[in-house]
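Visitor:
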Amino acid sequence: MSTNPPGQARRTPAPPKGTVGIGQPEPVASPVFRENAKKQLQNTLMRRNMKHATTTIRNKRLLRVAEVPNWDEVRAQGAGLKDRVARHLDYYLAMAEENLIKAGAQVHWAKDAQEANQIIVSLVKAKGVDEVVKIKSMATQEIEMNEALEAAGIAAWETDLAELIVQLGHDRPSHILVPAIHRNREEVREIFNREMGRYGTPPPKNMPNDPPVLAGAARVHLREKFLRAKVGISGGNMIIADTGTMVIVESEGNGRMCLTLPETLISVVGVEKIIPSFDDLEVFMKLLPRSSTAERMNPYTSMWSGVTPGDGPQEVHVVLVDNGRTKVLDDPEGRFVLRCIRCSACMNKCPVFERVGGHAYGSVYPGPIGIALTPLMRGIDSPIDKSLPFACTLCCACDDVCPVKIPLSDIIVHNRNRVADKKRHDIHPHLETTVMIPADWAFKKAKHFELVQKAVSIASGIAFKNKDYLGPMPWPASPWTRARDIPAPPVESFRSWWAKNRGGAK
Amino acid sequence: MSSRDVILSRIRKALSDVPNLPPEKDIPLNWEYGKPLAMDDVLDTFTQMCLDYKAVVERVPVAEVPATITKLVTERQVKTFVVPAGLDQDWRKAAADGGAKLIEDDPPLSSPELNDIDGVITAARVGIADTGTIVLDHAPDQGRRALSLVPDLHICVILADQVVSDVPEAVQRLKPSIVAGNPLTWISGGSATSDIELSRVEGVHGPRKLLIILAE
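Residue numbers (my numbering), protein chains in the order written: chain A, 1 to 506; chain B, 1001 to 1216.
#1: Can you tell me where the beta strand (DSSP E) with residue 157 of chain A in it begins and where it stops?
#2: So, is residue 3 of chain A buried or exposed, given that buried needs 16 or more other C-beta atoms within 10 angstroms?
#3: With 7 Å as the limit, tell me which residues of the region 299-312 of chain A have their beta carbon closer than that to any beta carbon of chain B; keep them in chain order.
#4: Thinking just about the alpha-carbon of each residue, which of A/71, A/101, A/56, A/224 is nearest to the one in residue 132 of chain A?
#5: Listing by chain order, which chain B residues have their CB less than 9 Å from the CB of residue 127 of chain A?
#6: Can you say whether residue 8 of chain A is buried or exposed, counting buried as having 16 or more other CB atoms within 10 angstroms of its CB?
#7: Consult DSSP for residue 311 of chain A and reduce its assignment to one of helix, strand or coil.
#8: Ends of the beta strand (DSSP E) at residue 91 of chain A?
#9: I'd like the span of the alpha helix (DSSP H) that includes residue 353 of chain A, first residue to last.
#10: Return the residues of the region 73-107 of chain A that lie within a Cβ-Cβ distance of less than 9 Å from chain B, sorted by chain order.
#11: Is residue 432 of chain A close to chain B? Criterion is C-beta to C-beta, closer than 8 Å.
#12: How do the region 397-411 of chain A and the region 69-77 of chain A stand: do at least 3 beta-carbon pairs fall below 8 Å, yes or no?
#13: Under the three-state reduction of DSSP, which class applies to residue 199 of chain A: helix, strand or coil?
#14: Could you name the residues of chain B that residue 278 of chain A contacts, counting a contact when the two beta carbons are closer than 9 Å?
#15: Sort out for me which residues DSSP pairs residue 240 of chain A with in a bridge.
#16: Using the beta-carbon of each residue, which ones in chain B are nearer than 9 Å to residue 184 of chain A?
#17: With H, G and I counted as helix, E and B as strand and the rest as coil, what does DSSP make of residue 1164 of chain B?
#18: Taking Cβ to Cβ, would you say residue 83 of chain A is nearer than 8 Å to residue 1012 of chain B?
#19: Indicate whether the contact test is met: 3 or more Cβ pairs, each with one atom in the region 1157-1177 of chain B and one in the region 1027-1042 of chain B, closer than 8 Å.
#20: If I'm right that residue 22 of chain A touches residue 142 of chain A with Cβ under 8 Å, what's the distance once you round it to whole angstroms?
#21: Among the residues of its own chain, which have a CB less than 7 Å from the CB of residue 270 of chain A, if the five just before and after it don't count?
#22: For residue 322 of chain A, return the contacting residues in chain B, with the cut-off set at a CB-CB distance below 9 Å.
#23: When you compare only the Cα positions, how much space is there between residue 53 of chain A and residue 59 of chain A?
#24: Please give me, in chain order, every unbroken run of the beta strand (DSSP E) with length at least 3 that falls completely inside the region 1086-1150 of chain B.
#25: If you follow the alpha helix (DSSP H) that residue 482 of chain A is part of, which residue opens it and which one closes it?
#26: Can you name the start and end residues of the beta strand (DSSP E) that residue 131 of chain A belongs to?
#27: Residues of chain A with CB closer than 8 Å to the CB of residue 1165 of chain B, please, in chain order.
#28: Name the DSSP beta bridge partners of residue 106 of chain A, please?
#29: Reducing DSSP to helix, strand and coil, say where residue 428 of chain A ends up.
#30: Taking only beta-carbon atoms, is residue 253 of chain A less than 8 Å away from chain B?
#31: State the Cα-Cα distance for the pair residue 183 of chain A and residue 49 of chain A, rounded to the nearest angstrom.
#32: Please report the straight-line C-alpha distance between residue 393 of chain A and residue 468 of chain A, rounded to a whole angstrom.
#33: By the 7 Å beta-carbon criterion, what residues does the region 1022-1054 of chain B contribute toward chain A?
#34: Please name the residue in B/1049, B/1208, B/1060 whose C-alpha comes closest to that of residue 1157 of chain B.
#35: What do you get for residue 1216 of chain B, buried or exposed, if any count of 16 or more other CB atoms within 10 angstroms of its CB means buried?
#36: Quick one: Cα of residue 1175 of chain B to Cα of residue 433 of chain A, how far?
Structure below.
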């Protein structure tokens, strides 16, 4: 929540309480993933919306990918190029900065979310305006820029249709590409009818819940904002290092409006978003549209190098944001997540994400990429971040769809290791780590193992008498056995069978 | 220490395990840039893919471009057109013959003024067959970016020899424009959104009608 000065009314609809950003001063408000997921699973409407949407886009992606004869080679090239950038990031950042400045852009560097927000607020204030139009961007979500602007008395108007639905709905995005994926057309109609008129042009009377009519209402509502805006804010899909060119990939044209009509443009971009050269665009312009919206090409892509005299904004800023990215880089096993081009193919494929939805993760980055990335960027101190690596069945479907071949499941397992290691070093004991102490002893030597097997065999003879399985058991076994039966162990272990039948043939 | 220096030193510290080699040596990649995609007929594919995005495509001989412009303007009863400074004189005349009033962007029109204009006529720089994409590099025959954005109808004339098979070829052809500092706009069909239940809706903020004249 923003902290507006007393007596100052909010300019934009208030989002829910708490924070899901990266590098925020307050702790994350959400409880752990398991509890969030349980709550979200009760929402049958959300589950129906999610199932419909993710199934549609998954199937379409398959068609579009099958059209590219050398898809796997393009993926490998994309992965290689992004590795090159990550492993020589200082070199490419310096090159990008030099060429951006040469082209007339002003480059700013932000260590964290607070610094990025300070830079943006002061740039907007310097223009003497109290509103900005903005393009959907994960970087600005991550630093929770809208609330920082709101606290400074500046209204940030979301102009992407889905972000508009989320903003007007006092809601949070649940997907990095289709932020209102959890809403259906009837809910959108209700939100527009209730809220649009409070912040600008209202929707037409008796508006039906047809998507084209709803999109038309958004067109009219936002048009007046585009025409009067003096400052536009964007993220950036790519920065081309050797030409100092920024790239924005979009569908609706709201991006082009924000990039073209205002006098001042501020682009907020993560430091890893670089591609080495203009030539390399051929790789990413093939990978990104087909993996994200499952189209051969997205409707609009804009590229600009700094200031173009007489065309578009004559004051162009680029804010390069670290906010935890160098922490990710510092982890040689986790570093591969910095290849991510934010396409969302992994979440559309993920069986967990499809069912629980994006809000369960308590992070702006949900789904497989979210549980790989967030605990690396934000760390594993808070309960939610500790729980994220376990929001996964390790089915590895995400690995297959990632257009830049991020080993997502490996990194998720790596994050589990980090959480387990941390637990081991905690002052107060954990059940899991306590159980692992005798387990450690049992697996250390064959003699120990044999002894344990014998003991288990005797014990299970009693426990499983006349039973094939054990059902729910009291604590501490309750969390496990509530949802799983324990099958009766076989009468004879493999080791004793071997000793009996093959033991002599050693 | 400036934030720039802090971030760069964090990066260097994080990468202490990376051998001190040029990037191309550290991660060697064997890739052929600018490769065309094999296809039966580049122009046929381009036309089909544009139609797939619900754009209107007119394939005509070069000599018939003006007559086609007149026809489109008459059919759609477009009243006002903004014309880029470098637009072909015959095309301008053709639009006027169709009954449209032509408005020059000199001095530059304000955004609200532009918003009151019905359409725009532009040339193009490159067409991509495999994806049905038109790329503008905003040279004088296409005008500044706002001209082909704010009006609701866009007539775009593209020459057959500007159309290439696939994205890699297009990127190579666009290089001189980027080196010259021009912005680029890649357009694939009209403006669209899939934000409500992932069902595609044509026409949001960009021009809702895209009419492509492919001149052979």
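For every residue, glycine included, the Cβ atom is placed at its ideal position computed from N, Cα and C.
Guide: The relevant details are as follows:
#1: 155-158 is the span of the beta strand (DSSP E), which, as asked, contains residue 157 of chain A.
#2: With a pLDDT of 49 at residue 3 of chain A, under the threshold of 50, the predicted position of this residue should be treated as unreliable, and no value is reported.
#3: Correct list: 299, 300, 301, 302, 303, 304, 305, 308, 310, 311, 312.
#4: Nearest option by C-alpha distance: A/224.
#5: For residue 127 of chain A, there are no neighbours in chain B by C-beta distance under 9 Å, as the nearest C-beta there is about 16 Å away.
#6: Residue burial is scored here from C-beta neighbours: residue 8 of chain A has fewer than 16 other C-beta atoms within 10 angstroms and is therefore classed as exposed.
#7: Strand at residue 311 of chain A.
#8: No beta strand (DSSP E) holds residue 91 of chain A; the alpha helix (DSSP H) holding it covers 89-102.
#9: Start and end: 351-356.
#10: Taking 9 Å as the Cβ-Cβ cut-off against chain B, the residues of the region 73-107 of chain A that qualify are 73, 76, 77, 80, 81, 83, 84, 85, 86, 87, 88, 89, 90, 91, 92, 93, 94, 97, 103, 104, 107.
#11: No, residue 432 of chain A lies away from the interface with chain B (no Cβ there is under 8 Å from its Cβ).
#12: With contact defined as three or more Cβ pairs closer than 8 Å, the region 397-411 of chain A and the region 69-77 of chain A are in contact.
#13: Judged by DSSP in its simplified three-state form, residue 199 of chain A adopts helix.
#14: Residues of chain B passing the Cβ test: 1171, 1174, 1175, 1178, 1179.
#15: Answer by DSSP bridge pairing, in chain order: A/245, A/275.
#16: Correct list: 1196, 1197.
#17: If DSSP states are grouped into helix, strand and coil, residue 1164 of chain B belongs with the strands.
#18: No, Cβ-Cβ distance for residue 83 of chain A and residue 1012 of chain B is not below 8 Å.
#19: Touching, per the Cβ criterion.
#20: The beta-carbon separation of residue 22 of chain A and residue 142 of chain A, rounded to 5 Å, stays under the 8 Å limit for a contact.
#21: Closer than 7 Å at the Cβ level, and outside the excluded window around residue 270 of chain A, lie 139, 321, 325.
#22: Those are 1003, 1006, 1007, 1010, 1011, listed as they occur along chain B.
#23: Spanning the two alpha carbons is a distance of roughly 10 Å.
#24: The qualifying runs are 1101-1104, 1119-1122, 1126-1128, 1133-1136.
#25: Residue 482 of chain A -> no alpha helix (DSSP H), and no H or E assigned at all.
#26: It spans 131-134 - the beta strand (DSSP E) in which residue 131 of chain A sits, taken as one unbroken run.
#27: Correct list: empty, because the minimum Cβ distance to chain A is about 12 Å.
#28: Looking at the DSSP assignment, residue 106 of chain A forms a beta bridge with A/317.
#29: Assigned with DSSP and collapsed to three states, residue 428 of chain A falls in coil, not helix or strand.
#30: Chain B has a Cβ within less than 8 Å of the Cβ of residue 253 of chain A.
#31: Using only the alpha carbons, I get a separation of about 7 Å.
#32: Here the alpha carbon of residue 393 of chain A sits roughly 27 Å from the alpha carbon of residue 468 of chain A.
#33: Those residues of the region 1022-1054 of chain B placed with their C-beta closer than 7 Å to a C-beta in chain A are 1023, 1026, 1027, 1029, 1031, 1033, 1049, ordered along the chain.
#34: Checking every option, the nearest Cα to that of residue 1157 of chain B belongs to B/1060.
#35: So residue 1216 of chain B counts as exposed.
#36: Going from the Cα of residue 1175 of chain B to the Cα of residue 433 of chain A covers about 58 Å.
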